[in-house]
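Visitor: These protein sequences, in sequence, are chains B and U. Each residue of the first sequence is one higher than the one before, starting from 1 at the first, in this note's numbering. Each residue of the second sequence is one higher than the one before, starting from 383 at the first, in this note's numbering. C-beta: ideal position from N, C-alpha, C; glycine also.
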Amino acid sequence: MTRTTELLRRDDGVVEVPGDPAVEERIAVREFQGSDAIELLGCAFGAFCLTWLVYERLTPLSGGLGFFVSWYALFLAAVWFVVRDRLGPLEARDRLARVVVASVALGLLIPLGLIVGYTFARGFHALRPQFFVQDQSRVGPLSPATEGGGSAGIVGSLEMVGLATLMSVPLGILTAVFLNEIGGRLARPVRMIVDAMSAIPSIVAGLFIYAAFILALHQRQTGFAAALSLAVLMLPTVTRTAEVVLRLVPGGLREASLALGGTEWSTVRRVVLPTARTGLLTAVILGVARVIGETAPLILTALGNTSLNANPLKGNQDALPLMIYRLIRFPQTASIERAWTGALVLLGIVLVLFIVARLLGGRGPGHIGRIKRYRLARKGLA
Amino acid sequence: MTSSETIDLVEDRALDPVGLGSGLTARQVSAWFGEHKVLDRVTLAMPPNQVTALIGPSGCGKSTFLRILNRMHELVPGATLSGTVAINDIDIYRSGLLVTDVRRRIGMVFQKPNPFPAMSVAENVLSGLKLSRHRSRRHDPADLVERCLRRAGLWNEVKQRLGTPGGALSGGQQQRLCIARALAVQPEILLMDEPCSALDPTSTRRIEETIAELREQVTIVIVTHNMQQAQRVSQYCAFFLAEENAPGRIVEQGPTDKIFSAPDDPRTFDYVSGQFG
Ligand SMILES: Nc1ncnc2c1ncn2[C@@H]1O[C@H](COP(=O)(O)OP(=O)(O)OP(=O)(O)O)[C@@H](O)[C@H]1O
Ligand SMILES: [Mg+2]
């Protein structure tokens with residue numbers, strides 16, 4: 001018997017684990033550890049110093065972009081050498097790939113951060129609570145930026161996008177259901193048309209509604225007409241995303257449903273769509289994201305309005321992008337500032353909408369929400 | 383059997399629900415996937431209230447045959463078939479029976495457990511009633527859920543968490559949930575395609591017990607690769623074989639005892655005694 005087993009085995013044969021079993025230490029299987037971070041930082045710093053030496057002391061090179069590119073290349077080389085030295089060439093290649101992928105992803109965040117940050121910087125100081133309740137009807141060209149507000153645009157944008165969503169989401173999801181569950185010979189042309197639709201320039205969508213709805217049917221420019229043109233733009237995005245999402249629903253579930261005596265429609269309604277709920281929500285979000293900042297079609301269909309008009313069926317309506325477009329072209333700084341505030345509010349609205357959508361239905365299909373659980377419990381099923 | 387006898391059968395069933403169940407007969411069934419023929423004139427009677435086991439090596443067409451029995455074969459694009467399949471002498475392909483009714487009366491349990499992930503355990507059990515719009519008003523849903531889960535041997539494990547999603551169960555529990563789900567629509571015939579292939583011995587035994595109990599009310603057809611299981615649960619047995627580049631056929635069929643103790647065909651003997659290929 002070795003020493004360790006003696007330690008572990010008591011006289012009565014019970015095996016005892018040394019140490020306090022109440023505080024088990026978990027094994028850290030995380031691959032990226034503190035030392036790795038230090039290593040990366042060291043490489044970055046070393047590469048920076050070397051680049052600085054080359055640029056500022058040894059050669060007559062100059063220029064921000066060249067400096068940055070050289071620094072990055074040297075950084076990668078340093079990472080490769082350091083990791084190869086420690087863990088071998090295989091691990092080095094793996095680490096190098098990981099660093100490249102991660103830095104590209106981070107690099108993508110830079111423009112996003114710049115856009116959001118710049119909008120914030122330009123728009124924030126003129127943002128007052130009244131921006132959400134007042135409109136621009138009493139705002140003259142020389143009044144300060146803090147006067148008036150964007151309520152006309154906020155209400156208009158929400159109504160137009162809401163109406164467009166109401167129109168295009170059911171249509172898009174039904175089309176996706178057709179493409180995916182029924183298919184047949186018609187599926188291919190339908191898919192082609194949807195693809196072609198997604199390439200329509202937004203101004204053309206506006207023109208189409210202008211010609212086919214406003215002129216042909218003797219309508220006026222209203223929020224509803226604008227919503228129609230936004231729906232045209234939203235439809236292909238929603239359809240194609242929903243189709244991809246529905247395709248991910250395992251075929252075994254459809255078979256199970258049909259084998260229980262389900263009809264095709266009840267299979268779609270009770271099995272396929274609920275299983276794909278989260279993904280369908282993504283489809284809706286992408287659709288909304290596609291149109292909420294659209295300006296061009298609204299120029300033709302909604303026209304814009306400086307005073308609040310909450311009725312999308314009658315009279316011209318404003319929208320935040322329209323308001324921004326209108327104000328930013330004035331020479332007065334107050335007007336331009338107001339436009340930036342509008343842009344900031346638009347970003348905020350998008351953010352809030354997405355968060356709300358995720359909270360409402362963003363959990364995976366294996367999650368049963370509180371409301372449903374309550375309903376089940378009342379029937380004695382939970 | 384003439385049609386009057388069929389009616390008698392149906393009435394018998396109505397008078398005595400635990401009496402004679404429904405039988406299934408397949409005559410001269412062939413099947414193709416596109417131009418590829420995978421079954422060649424299979425004739426098999428699956429008598430009421432018996433367990434029929436289908437055995438045979440992989441790829442010989444057992445699953446295909448089983449799926450033909452409840453009209454699932456036609457869901458595969460390009461899949462075709464010929465021959466007749468009759469439930470109590472009513473042809474399920476030609477008599478104008480609704481395909482949804484056929485599938486409701488002939489339930490199926492798949493090889494891979496496939497509970498609906500968006501539904502809770504209880505909803506999974508009741509899903510068949512909702513999907514087929516065949517609500518039986520006599521049963522209280524909670525009661526039905528309990529009865530089906532008990533028969534599938536799952537009740538004690540899940541009674542505390544009927545509200546959790548069906549996908550949150552273990553593989554074996556999921557399979558028993560699928561069996562409970564199939565039982566809830568009260569099928570006359572139950573087709574099981576290797577129902578225990580993903581299960582541990584305990585769950586397997588429980589399902590075999592369930593099969594033995596169900597036999598009183600339901601006609602069961604089971605595909606299995608486990609010879610002991612075929613011997614334990616079935617009364618009748620059919621041996622499928624697809625010889626090289628030939629579609630699958632039934633080489634031999636008969637009472638299970640005979641197939642396993644004194645088969646007529648040497649190939650059957652080789653297969654059941656484990657000396658195959
Ligand atoms: N969807 C399909 N498309 C084309 N051929 C198929 C399809 N499904 C099965 N086949 C073919 O039909 C034949 C029979 O398949 P089947 O699934 O019925 O075999 P099996 O006896 O159930 O085998 P296993 O015991 O492995 O489940 C095989 O040759 C298979 O390649
Ligand atoms: Mg099979």
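Would a C-beta distance cut-off of 8 Å place residue 553 of chain U and residue 420 of chain U closer than the cut-off?
Guide: Residue mapping note: residue 553 of chain U aligns to position 171 of the second sequence, counting from 1. Residue mapping note: residue 420 of chain U aligns to position 38 of the second sequence, counting from 1. Not in contact: residue 553 of chain U and residue 420 of chain U (Cβ atoms no closer than 8 Å).
Visitor: Can you list every residue whose CB sits closer than 7 Å to some heavy atom of ligand 2, going in chain order?
Guide: U:444, U:445, U:493, U:575, U:576 and U:605
Visitor: Under the criterion of a Cβ to heavy atom distance below 7 Å, does residue 272 of chain B qualify as lining ligand 1?
Guide: Here residue 272 of chain B refers to the residue found at position 272 when the first sequence is read from its first residue. False, no ligand heavy atom lies under 7 Å from that Cβ.
Visitor: Between the Cα of residue 286 of chain B and those of B:353, B:344 and B:272, spot the shortest distance and give me the residue it belongs to.
Guide: Sequence index remark: in the first sequence, residue 286 of chain B carries index 286 (1-based). Nearest C-alpha to residue 286 of chain B: B:353.
Visitor: Which residues mark the beginning and the end of the beta strand (DSSP E) in which residue 444 of chain U is found?
Guide: For the purposes of this step, residue 444 of chain U is taken as residue 62 along the second sequence, with counting starting at 1. It is not in any beta strand (DSSP E) - residue 444 of chain U instead sits in the alpha helix (DSSP H) that spans 444 to 451.
Visitor: Under the assumption that residue 357 of chain B contacts residue 284 of chain B (Cβ atoms under 8 Å), give the Cβ distance between them as a whole number of angstroms.
Guide: Stepping through the first sequence from its first residue, residue 357 of chain B is reached at position 357. Stepping through the first sequence from its first residue, residue 284 of chain B is reached at position 284. Their Cβ separation, rounded to whole angstroms, is 7 Å, which keeps residue 357 of chain B and residue 284 of chain B in contact under 8 Å.
Visitor: Could you tell me whether the region 597 to 606 of chain U touches the region 560 to 580 of chain U, using the rule of 3 or more Cβ pairs below 8 Å?
Guide: yes
Visitor: Looking at the structure shown, is residue 455 of chain U part of a helix, part of a strand, or coil, going by DSSP?
Guide: Indexing the second sequence from 1 puts residue 455 of chain U at position 73. It is helical.
Visitor: Looking only at its own chain, which residues have a Cβ that is under 8 Å from the Cβ of residue 127 of chain B, when we skip the five neighbours before and after it?
Guide: Numbered from 1 along the first sequence, position 127 holds the residue referred to as residue 127 of chain B. Once the five neighbours on either side are set aside, the close Cβ partners of residue 127 of chain B are 341, 344 and 345.
Visitor: Report all residues from its chain with a CB closer than 6 Å to the CB of residue 385 of chain U; omit the five preceding and five following residues, and keep chain order.
Guide: Residue numbering aside, residue 385 of chain U sits at position 3 when the second sequence is read from its first letter. Here the model assigns residue 385 of chain U a pLDDT of 40, short of 50, so the residue's position is not dependable and the matter cannot be decided.
Visitor: State whether the region 293 to 306 of chain B contacts the region 221 to 232 of chain B, with contact taken as three or more CB pairs (one from each stretch) at a distance under 8 Å.
Guide: The region 293 to 306 of chain B is in contact with the region 221 to 232 of chain B.
Visitor: Mind checking residue 642 of chain U: buried by the 16 CB within 10 Å criterion, or exposed?
Guide: Taking the first residue of the second sequence as 1, we reach residue 642 of chain U at position 260. With 16 or more other Cβ atoms within 10 Å, it is buried.
Visitor: Based on the DSSP secondary-structure assignment, which residues constitute the bridge partners of residue 502 of chain U?
Guide: On the second sequence, position 120 is the one that residue 502 of chain U refers to. U:547, per the DSSP bridge assignment.
Visitor: Rounded to whole angstroms, what is the Cα-Cα separation between residue 504 of chain U and residue 451 of chain U?
Guide: One-based indexing of the second sequence puts residue 504 of chain U at position 122. One-based indexing of the second sequence puts residue 451 of chain U at position 69. In a straight line, the C-alpha of residue 504 of chain U is about 28 Å away from that of residue 451 of chain U.
Visitor: For residue 578 of chain U, name the three-state secondary structure that DSSP assigns.
Guide: On the second sequence, residue 578 of chain U is found 196 positions in, with the first residue counted as 1. Residue 578 of chain U falls in the coil class under three-state DSSP.
Visitor: Determine which residues share a DSSP beta bridge with residue 303 of chain B and list them.
Guide: By 1-based counting over the first sequence, the position of residue 303 of chain B is 303. For residue 303 of chain B, which the question treats as bridged, DSSP gives the partners B:317.
Visitor: Thinking C-alpha only, which one of U:653, U:565, U:579 and U:542 is nearest residue 377 of chain B?
Guide: If you number the first sequence from 1, residue 377 of chain B lands on position 377. The shortest Cα separation from residue 377 of chain B among U:653, U:565, U:579 and U:542 belongs to U:542.
Visitor: I'd like the span of the alpha helix (DSSP H) that includes residue 614 of chain U, first residue to last.
Guide: For the purposes of this step, residue 614 of chain U is identified with residue 232 of the second sequence, where counting begins at 1. From DSSP, the alpha helix (DSSP H) with residue 614 of chain U extends over 609 to 615.
Visitor: Looking only at its own chain, which residues have a Cβ that is under 6 Å from the Cβ of residue 615 of chain U, when we skip the five neighbours before and after it?
Guide: Stepping through the second sequence from its first residue, residue 615 of chain U is reached at position 233. Correct list, in chain order: 433, 590 and 593.
Visitor: At a cut of 8 Å, does the region 329 to 339 of chain B reach the region 184 to 199 of chain B through at least three beta carbon pairs?
Guide: No, the region 329 to 339 of chain B does not touch the region 184 to 199 of chain B.
Visitor: When every heavy atom of ligand 1 is checked, does at least one fall within less than 7 Å of the C-beta of residue 415 of chain U?
Guide: Within the second sequence, the letter at position 33 stands for residue 415 of chain U. Flag set: Cβ of residue 415 of chain U near ligand 1.
Visitor: Which two residues bound the contiguous alpha helix (DSSP H) that contains residue 637 of chain U?
Guide: Here residue 637 of chain U refers to the residue found at position 255 when the second sequence is read from its first residue. Element bounds for residue 637 of chain U: not the alpha helix (DSSP H) but the beta strand (DSSP E), 631 to 637.
Visitor: At 9 Å on the CB atoms, spell out the chain U contacts of residue 223 of chain B, in chain order.
Guide: One-based indexing of the first sequence puts residue 223 of chain B at position 223. Residues of chain U passing the Cβ test: none, with the nearest at roughly 36 Å.
Visitor: Name the chain B residues whose beta carbon is nearer than 8 Å to that of residue 526 of chain U?
Guide: Position 144 of the second sequence, counted from the first residue, corresponds to residue 526 of chain U. The premise fails here: residue 526 of chain U is roughly 10 Å from chain B at the closest Cβ pair, so nothing lies under 8 Å.
Visitor: Beta carbons nearer than 8 Å to chain B: which residues of the region 552 to 581 of chain U have them?
Guide: 560, 563, 564 and 567
Visitor: Compute the minimum distance between the beta carbon of residue 464 of chain U and the heavy atoms of ligand 1, and state whether it is under 7 Å.
Guide: Here residue 464 of chain U refers to the residue found at position 82 when the second sequence is read from its first residue. No, ligand 1 has no heavy atom inside 7 Å of this Cβ.
Visitor: State the DSSP-derived secondary structure class of residue 248 of chain B, mapped to helix, strand or coil.
Guide: Within the first sequence, the letter at position 248 stands for residue 248 of chain B. Secondary structure of residue 248 of chain B (DSSP, three-state): coil.
Visitor: Would you report the Cα separation of residue 396 of chain U and residue 404 of chain U, rounded to the nearest angstrom?
Guide: Taking the first residue of the second sequence as position 1, residue 396 of chain U is located at position 14. Taking the first residue of the second sequence as position 1, residue 404 of chain U is located at position 22. Low local confidence applies: a pLDDT of 37 at residue 396 of chain U is under 50, so the model's placement there is unreliable, and no value is given.
Visitor: Taking only the alpha-carbon atoms, compute the straight-line gap between residue 53 of chain B and residue 109 of chain B and give it to the nearest angstrom.
Guide: Sequence index remark: in the first sequence, residue 53 of chain B carries index 53 (1-based). Sequence index remark: in the first sequence, residue 109 of chain B carries index 109 (1-based). Their backbone Cα atoms lie some 29 Å apart in a straight line.
Visitor: Output, in chain order, the set of chain U residues within a Cβ distance shorter than 7 Å of residue 274 of chain B.
Guide: The count along the first sequence starts at 1 and reaches residue 274 of chain B at position 274. Within chain U, 500 have C-beta atoms less than 7 Å from the C-beta of residue 274 of chain B, given in sequence order.
Visitor: Determine, for residue 467 of chain U, whether the minimum Cβ-Cβ distance to residues of chain B falls below 8 Å.
Guide: Within the second sequence, residue 467 of chain U is the residue found at index 85, counting from 1. No, residue 467 of chain U lies away from the interface with chain B (no Cβ there is under 8 Å from its Cβ).
Visitor: Comparing the C-beta of residue 584 of chain U with each C-beta of chain B, is any distance below 8 Å?
Guide: Residue 584 of chain U sits at position 202 when you count from the first residue of the second sequence. Output row for residue 584 of chain U: interface = no.
Visitor: Would you list the residues sitting across from residue 418 of chain U in a DSSP beta bridge?
Guide: Position 36 of the second sequence, counted from the start, is the residue given in the question as residue 418 of chain U. DSSP lists U:415 as partners of residue 418 of chain U.
Visitor: In its own chain, which residues sit with a C-beta less than 7 Å from the C-beta of residue 147 of chain B, not counting the 5 before and 5 after it?
Guide: Here residue 147 of chain B refers to the residue found at position 147 when the first sequence is read from its first residue. Once the five neighbours on either side are set aside, the close Cβ partners of residue 147 of chain B are 139.
Visitor: Can you give me the Cβ contacts of residue 232 of chain B inside the same chain, cut-off strictly under 6 Å, excluding the 5 residues immediately before and after it?
Guide: Counting from 1 along the first sequence, the entry for residue 232 of chain B is found at position 232. Within the same chain, residue 232 of chain B has close Cβ partners 205.
Visitor: Residue 1 of chain B: buried (16+ other C-beta within 10 angstroms of its C-beta) or exposed?
Guide: By 1-based counting over the first sequence, the position of residue 1 of chain B is 1. Low local confidence applies: a pLDDT of 44 at residue 1 of chain B is under 50, so the model's placement there is unreliable, with the coordinate-based value given in what follows. So residue 1 of chain B ends up on the exposed side.
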